[in-house]
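Novice:
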Amino acid sequence: MLARVFQAAAVAASAVAIAALAALAAVTVIDVAGRYLFNKPLLGAIEMSEFLMVFLSFGGLALAELRNGHITVDFFVSALPERARALLEAAGALLGIVFWGFVAWRATVHSSRIWAAGEVSANLTVPTWPFYLAVTVGSGLLALALIGRVVRSVRIGLA
Amino acid sequence: MDTTTVGVIGFAAMLGLMFLGVPIGVAMGAVGFFGFAWVNGWNSALNMLALAPYSAVATYVLSVVPLFVLMGHLANETGIGRELYATAQTWLKHRRGGLAMATVAACAGFAAISGSSVATAATMTTVALPQMRKMGYDPRLATGSVAAGGTLGILIPPSVIFLIYGFLTETSIGKLFLAGILPGILLTVMFVITIAIATWHNPKLAPTVQERASFADRLRALREVWAVAALFTLVIGGMYGGAFTATEAAGIGAFGTLILALVRGRLTWGTLWRSLASTAETVAIITVILIGAVVLGYFLAVTQLPMKLSQMLADSGLSPTSIMLMIIVAYLIMGAFMDELAMILLTVPILFPVTQALGYDPVWFGVIIVIVCQAGMIAPPVGLNVFVISGMVKDVPMADIYRGILPFLAAMMVLLGILMVAPDIALYLPRTMK
Numbered sequence: 005m006l007a008r009v010f011q012a013a014a015v016a017a018s019a020v021a022i023a024a025l026a027a028l029a030a031v032t033v034i035d036v037a038g039r040y041l042f043n044k045p046l047l048g049a050i051e052m053s054e055f056l057m058v059f060l061s062f063g064g065l066a067l068a069e070l071r072n073g074h075i076t077v078d079f080f081v082s083a084l085p086e087r088a089r090a091l092l093e094a095a096g097a098l099l100g101i102v103f104w105g106f107v108a109w110r111a112t113v114h115s116s117r118i119w120a121a122g123e124v125s126a127n128l129t130v131p132t133w134p135f136y137l138a139v140t141v142g143s144g145l146l147a148l149a150l151i152g153r154v155v156r157s158v159r160i161g162l163a
Numbered sequence: 051m052d053t054t055t056v057g058v059i060g061f062a063a064m065l066g067l068m069f070l071g072v073p074i075g076v077a078m079g080a081v082g083f084f085g086f087a088w089v090n091g092w093n094s095a096l097n098m099l100a101l102a103p104y105s106a107v108a109t110y111v112l113s114v115v116p117l118f119v120l121m122g123h124l125a126n127e128t129g130i131g132r133e134l135y136a137t138a139q140t141w142l143k144h145r146r147g148g149l150a151m152a153t154v155a156a157c158a159g160f161a162a163i164s165g166s167s168v169a170t171a172a173t174m175t176t177v178a179l180p181q182m183r184k185m186g187y188d189p190r191l192a193t194g195s196v197a198a199g200g201t202l203g204i205l206i207p208p209s210v211i212f213l214i215y216g217f218l219t220e221t222s223i224g225k226l227f228l229a230g231i232l233p234g235i236l237l238t239v240m241f242v243i244t245i246a247i248a249t250w251h252n253p254k255l256a257p258t259v260q261e262r263a264s265f266a267d268r269l270r271a272l273r274e275v276w277a278v279a280a281l282f283t284l285v286i287g288g289m290y291g292g293a294f295t296a297t298e299a300a301g302i303g304a305f306g307t308l309i310l311a312l313v314r315g316r317l318t319w320g321t322l323w324r325s326l327a328s329t330a331e332t333v334a335i336i337t338v339i340l341i342g343a344v345v346l347g348y349f350l351a352v353t354q355l356p357m358k359l360s361q362m363l364a365d366s367g368l369s370p371t372s373i374m375l376m377i378i379v380a381y382l383i384m385g386a387f388m389d390e391l392a393m394i395l396l397t398v399p400i401l402f403p404v405t406q407a408l409g410y411d412p413v414w415f416g417v418i419i420v421i422v423c424q425a426g427m428i429a430p431p432v433g434l435n436v437f438v439i440s441g442m443v444k445d446v447p448m449a450d451i452y453r454g455i456l457p458f459l460a461a462m463m464v465l466l467g468i469l470m471v472a473p474d475i476a477l478y479l480p481r482t483m484k
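This is how it looks when you write it as structure tokens:
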């Protein structure tokens with residue numbers, strides 16, 4: 005049950021990333037077309053691209069983990085017996101949880117700080133805290149996905 | 051303990067973690083974060099981690115990467131690879147080894163609209179490999195030409211490796227792309243010659259030679275490639291002429307590929323969705339390594355390791371050429387074991403200052419980096435392209451694929467030598483750009 009809910013959350017975050025990608029392409033094309041065809045570039049296009057990059061980059065993290073997408077050097081490890089390999093994988097995933105957990109925590113703290121300070125972006129003057137919160141959600145989901153990997157690997161390693 | 055020692059220990063620990071199978075991004079990021087805390091204290095490490103991951107990705111310059119990746123995926127999904135192969139085949143099928151030559155030529159054409167080596171290899175595995183197998187080509191030659199041809203994807207612009215290198219070193223993307231064109235064409239020709247020599251030496255590699263296509267057929271076949279030529283001219287020409295920034299060129303390229311597919315009735319919701327989804331996944335994978343590399347970069351900067359290293363090499367009394375040769379050999383060894391993108395994110399920030407202190411041109415070094423990455427993508431024991439092909443063709447053992455790529459690997463080494471002696475092959479075109 006919990007796993008199903010989590011899977012759905014990862015897919016939803018990834019859908020946000022895909023939407024951000026489509027929007028990024030659209031913003032770029034509209035900006036260029038505006039400049040050359042109507043002599044009127046899109047206001048704040050660069051800033052929009054930067055914000056969309058945050059959603060695009062962090063949105064897909066958890067789903068990529070669930071699909072085993074993240075890159076490792078497995079040449080040396082592949083010589084080990086399966087159980088040793090599984091335990092090493094669990095340890096690596098644990099380190100990942102620590103790192104992404106820290107990233108999520110720090111992004112949350114920073115987000116609440118700039119929310120309290122009322123920080124807005126330079127060109128579009130929109131509040132910037134939601135974009136740091138996107139970092140929290142993306143890295144947080146990745147850390148949660150890694151918990152699943154730890155559980156699975158430990159089971160194999162101690163079987 | 052002085053900070054340089056901490057840097058060396060941290061770097062060694064990171065390599066150790068990687069080789070134990072810790073995901074590359076996490077190994078870099080965790081060592082970077084804890085190492086930074088060790089040198090500068092917890093408070094500043096926690097502050098660094100609040101800002102670094104966000105600012106690593108929230109940059110306009112970097113948005114060029116997803117857009118060019120999207121362009122490549124769209125081109126792949128809408129069958130442009132198949133057309134290119136059909137055309138190249140019409141022109142080359144009457145020669146011994148002609149289908150393998152056509153594979154390399156089609157790879158070069160596909161590379162002109164795709165920035166990824168893996169995508170190019172994957173496309174040609176589905177398009178060209180079945181044809182060669184049907185004609186009785188030796189599986190070693192067939193898979194070798196696909197694997198090696200695929201690497202042209204990152205030398206001929208657009209190229210994800212050039213983008214990341216340009217991003218890391220603040221070198222002009224436009225100049226890097228232009229610098230890849232002539233070496234890319236040269237390497238394509240060298241691959242074709244390699245196939246000619248191999249099949250002349252051992253005709254059993256390519257037992258069948260087909261009838262020559264008529265001149266009219268050949269001209270008709272050329273019409274199929276106008277789409278690729280138009281896209282390449284628009285994107286690379288637009289950057290060259292200064293009409294677009296790199297990001298704009300990428301956006302226009304992706305959009306243009308979409309329009310072309312739409313006009314020719316090749317676009318479905320399915321292909322569009324698949325292109326977007328696989329691009330988003332590629333970006334997620336890059337993001338993890340990028341954030342790790344940026345966090346590690348903060349740590350290395352406070353330990354002053356890159357500065358000390360370039361000082362040490364400068365004082366060593368070795369000639370710039372021998373230091374460059376050492377760097378290239380080190381890259382070839384690393385590339386054999388590591389993912390190439392991770393390799394450059396990890397090493398370019400350290401080695402780039404060294405090459406600058408030695409007086410090497412940043413654009414030229416970018417081309418060298420791309421070629422060593424190409425070699426790494428097909429070199430045993432860990433060749434990304436070989437894994438891709440092996441995953442799609444189950445009946446050819448990986449050892450055979452590796453044996454098949456050896457002549458192509460040799461051609462890459464020759465190209466590296468040529469570029470050492472005649473750097474102008476890379477630098478001529480960028481010099482003509484304003």
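Protein chains in written order, with the numbering used here: chain A, 5 to 163; chain B, 51 to 484. We put the beta carbon where it would ideally sit given N, CA and C, even for glycine.
1) So which of Pro103(B), Pro430(B), Val114(B), Gly91(B) has the shortest CA-CA distance to Phe294(B)?
2) Specify the secondary structure class of Pro131(A) as computed by DSSP and reduced to three states.
3) With burial defined as no fewer than 16 other Cβ atoms inside 10 Å of the residue's Cβ, what is the status of Pro399(B): buried or exposed?
4) In chain order, what residues of the same chain have a beta carbon less than 7 Å from the beta carbon of Asn90(B), not counting five sequence neighbours either side?
5) Would you say Tyr290(B) faces chain A, with C-beta separation under 8 Å as the test?
6) Cβ closer than 7 Å: which chain B residues qualify as neighbours of Phe103(A)?
7) Does chain B have any CB closer than 8 Å to the CB of Ile75(A)?
8) Hey, could you find the ends of the alpha helix (DSSP H) Ala62(B) is sitting in?
9) At a Cβ cut of 8 Å, what residues of the segment 49–62 of chain A count as close to chain B, listed as they run along the chain?
10) Please list the partners that Gly151(A) has in chain B, where partner means a Cβ-to-Cβ separation under 7 Å.
11) To the nearest angstrom, report how far apart Phe227(B) and Pro208(B) are at their CA atoms.
12) Between Ala29(A) and Ala304(B), what straight-line distance do the alpha-carbon atoms span, to the nearest angstrom?
13) In the DSSP assignment, what residue or residues form a beta bridge with Val124(A)?
14) Look at the alpha carbon of Ile286(B) and the alpha carbon of Glu86(A), and state the distance between them as a whole number of angstroms.
15) Counting only Cβ-Cβ distances shorter than 7 Å, please list the residues of the segment 108–140 of chain B near chain A, keeping chain order.
16) Please check if any C-beta of chain B sits within less than 8 Å of the C-beta of Ile22(A).
17) Compare the C-alpha of Trp141(B) against each of Arg314(B), Ala155(B), Asp411(B) and name the closest.
18) For Met51(B), count neighbouring C-beta atoms within 10 Å of its own C-beta (all shown protein chains included) and say buried if the count is 16 or more, exposed if not.
19) Could you spell out the range, first to last residue, of the alpha helix (DSSP H) harbouring Gln424(B)?
20) Indicate whether the contact test is met: 3 or more Cβ pairs, each with one atom in the segment 40–57 of chain A and one in the segment 99–114 of chain B, closer than 8 Å.
21) Under 8 Å between C-beta atoms, does Ala29(A) make it to chain D?
22) Alpha carbon to alpha carbon, how far is Ile211(B) from Ala7(A)? Give it in angstroms, no decimals.
23) What number of angstroms, rounded off, separates the C-alpha of Gly71(B) from the C-alpha of Ala66(A)?
24) Might you give, ordered along the chain, the residues of its own chain that have their beta carbon closer than 6 Å to the beta carbon of Phe62(A), omitting 5 neighbours on each side?
25) Going by C-alpha to C-alpha distance, which of Gly64(A), Leu46(A), Ala27(A), Glu69(A) sits closest to Ala149(A)?
26) How many Å lie between Leu359(B) and Pro233(B) at the Cα?
27) Output the distance between the C-alpha atoms of Pro189(B) and Leu56(A), rounded to the nearest integer angstrom.
28) Do Leu466(B) and Ile418(B) come within 8 Å of each other at the CB atom, strictly closer than that value?
29) Would a check of beta-carbon distances place Tyr104(B) closer than 8 Å to chain A?
30) For the segment 246–294 of chain B, list the alpha helix (DSSP H) runs that are entirely contained and at least 4 residues long, ordered along the chain.
31) What in chain B is Cβ-close to Glu123(A), meaning under 7 Å?
32) Taking the Cβ atom as the reference point for each residue, do Val81(A) and Leu98(A) lie within a distance shorter than 8 Å?
33) Got a sec: which bits of the segment 273–307 of chain B sit with their beta carbon under 7 Å from any beta carbon on chain A, in order along the chain?
34) Determine the DSSP secondary structure at Phe42(A), reduced to helix, strand or coil.
35) Please report the distance separating the alpha-carbon of Val196(B) from that of Val420(B).
Specialist: In brief:
1) Counting from one through the second sequence, the residue named residue 294(B) turns up at place 244. Checked all of Pro103(B), Pro430(B), Val114(B), Gly91(B); the closest Cα to Phe294(B) is Val114(B).
2) The residue labelled residue 131(A) in the question sits at position 127 within the first sequence. Strand at Pro131(A).
3) Along the second sequence, one-based indexing puts residue 399(B) at 349. When all chains shown are included, Pro399(B) counts as buried.
4) As a first step, residue 90(B) must be located in the second sequence, where it is residue number 40. So the qualifying residues of the chain are Val352.
5) Taking the second sequence and counting its residues from 1, one reaches residue 290(B) at position 240. No, because no Cβ of chain A sits closer than 8 Å to the Cβ of Tyr290(B).
6) Counted from its first residue, the first sequence places residue 103(A) at position 99. Residues of chain B passing the Cβ test: Val76, Gly79, Ala80, Phe83.
7) Indexing the first sequence from 1 puts residue 75(A) at position 71. True, the Cβ-Cβ gap to chain B drops below 8 Å.
8) Position 12 of the second sequence, counted from the first residue, corresponds to residue 62(B). Where Ala62(B) is concerned, the enclosing alpha helix (DSSP H) stretches over 53–69.
9) When C-beta distances to chain B are compared with 8 Å, the residues of the segment 49–62 of chain A below that value are Ile50, Ser53, Glu54, Phe55, Leu56, Met57, Val58, Leu60, Ser61, Phe62, in chain order.
10) Locating residue 151(A) in the first sequence gives position 147, where the first residue counts as 1. In the sequence as presented, Gly is not what sits at residue 151(A); that position holds Ile. Those within 7 Å of Ile151(A) in chain B number zero; the least Cβ separation is about 14 Å.
11) As a first step, residue 227(B) must be located in the second sequence, where it is residue number 177. As a first step, residue 208(B) must be located in the second sequence, where it is residue number 158. Those two C-alpha atoms are separated by around 6 Å.
12) Here the question's residue 29(A) lines up with position 25 in the first sequence. Here the question's residue 304(B) lines up with position 254 in the second sequence. Each residue's CA atom was taken as its position, placing Ala29(A) and Ala304(B) some 8 Å apart.
13) For the purposes of this step, residue 124(A) is identified with residue 120 of the first sequence, where counting begins at 1. In the DSSP secondary-structure assignment, Val124(A) is bridged to Pro131(A).
14) Within the second sequence, residue 286(B) is the residue found at index 236, counting from 1. Within the first sequence, residue 86(A) is the residue found at index 82, counting from 1. Taking the straight line from one Cα to the other gives about 49 Å.
15) Taking 7 Å as the Cβ-Cβ cut-off against chain A, the residues of the segment 108–140 of chain B that qualify are Ala108, Thr109, Tyr110, Leu112, Ser113, Pro116, Leu117, Leu120.
16) Numbered from 1 along the first sequence, position 18 holds the residue referred to as residue 22(A). Contact with chain B is found for Ile22(A), since one of that chain's Cβ atoms lies less than 8 Å from the residue's Cβ.
17) As a first step, residue 141(B) must be located in the second sequence, where it is residue number 91. Ranked by Cα distance from Trp141(B), the first of Arg314(B), Ala155(B), Asp411(B) is Ala155(B).
18) By one-based count along the second sequence, residue 51(B) stands at place 1. With fewer than 16 other Cβ atoms from the protein chains shown falling within 10 Å of its own Cβ, Met51(B) counts as exposed.
19) Counting from one through the second sequence, the residue named residue 424(B) turns up at place 374. Note, Gln424(B): alpha helix (DSSP H), 412–428.
20) A contact exists between the segment 40–57 of chain A and the segment 99–114 of chain B.
21) Absent from the structure: chain D. Protein chains present are A and B.
22) Looking up residue 7(A) in the first sequence gives position 3. Looking up residue 211(B) in the second sequence gives position 161. About 36 Å.
23) Position 21 of the second sequence, counted from the first residue, corresponds to residue 71(B). Position 62 of the first sequence, counted from the first residue, corresponds to residue 66(A). So the alpha carbons of these two residues sit roughly 19 Å apart.
24) Residue 62(A) sits at position 58 when you count from the first residue of the first sequence. Scanning its chain for C-beta atoms nearer than 6 Å, with the 5 sequence neighbours on each side dropped, one finds around Phe62(A) the residues Ala138, Val139, Gly142, in chain order.
25) Sequence index remark: in the first sequence, residue 149(A) carries index 145 (1-based). Its Cα nearest to that of Ala149(A), the residue Glu69(A) stands out among Gly64(A), Leu46(A), Ala27(A), Glu69(A).
26) Locating residue 359(B) in the second sequence gives position 309, where the first residue counts as 1. Locating residue 233(B) in the second sequence gives position 183, where the first residue counts as 1. When rounded, the distance between both Cα atoms is 30 Å.
27) For the purposes of this step, residue 189(B) is taken as the residue at position 139 of the second sequence. For the purposes of this step, residue 56(A) is taken as the residue at position 52 of the first sequence. Each residue's alpha carbon lies about 45 Å from the other.
28) Locating residue 418(B) in the second sequence gives position 368, counting from the first residue. Locating residue 466(B) in the second sequence gives position 416, counting from the first residue. In contact: Ile418(B) and Leu466(B) (Cβ atoms closer than 8 Å).
29) Here residue 104(B) is taken as the residue at index 54 of the second sequence, counted from 1. It does: the Cβ of Tyr104(B) has a partner Cβ on chain A nearer than 8 Å.
30) Taking only runs of at least 4 residues, the alpha helix (DSSP H) segments lying wholly in the segment 246–294 of chain B are 265–272, 276–282.
31) Walking along the first sequence from the start, residue 123(A) turns up at place 119. By Cβ distance, chain B contributes nothing, its closest Cβ being about 13 Å from Glu123(A), past 7 Å.
32) On the first sequence, residue 81(A) is found 77 positions in, with the first residue counted as 1. On the first sequence, residue 98(A) is found 94 positions in, with the first residue counted as 1. Contact: no.
33) Cβ contacts with chain A: Phe294, Thr297, Glu298, Gly301, Ile302, Ala304, Phe305.
34) Residue mapping note: residue 42(A) aligns to position 38 of the first sequence, counting from 1. Note: Phe42(A) maps to coil in three-state DSSP.
35) Numbered from its first residue, the second sequence carries residue 196(B) at position 146. Numbered from its first residue, the second sequence carries residue 420(B) at position 370. It is roughly 18 Å from the alpha-carbon of Val196(B) to the alpha-carbon of Val420(B).
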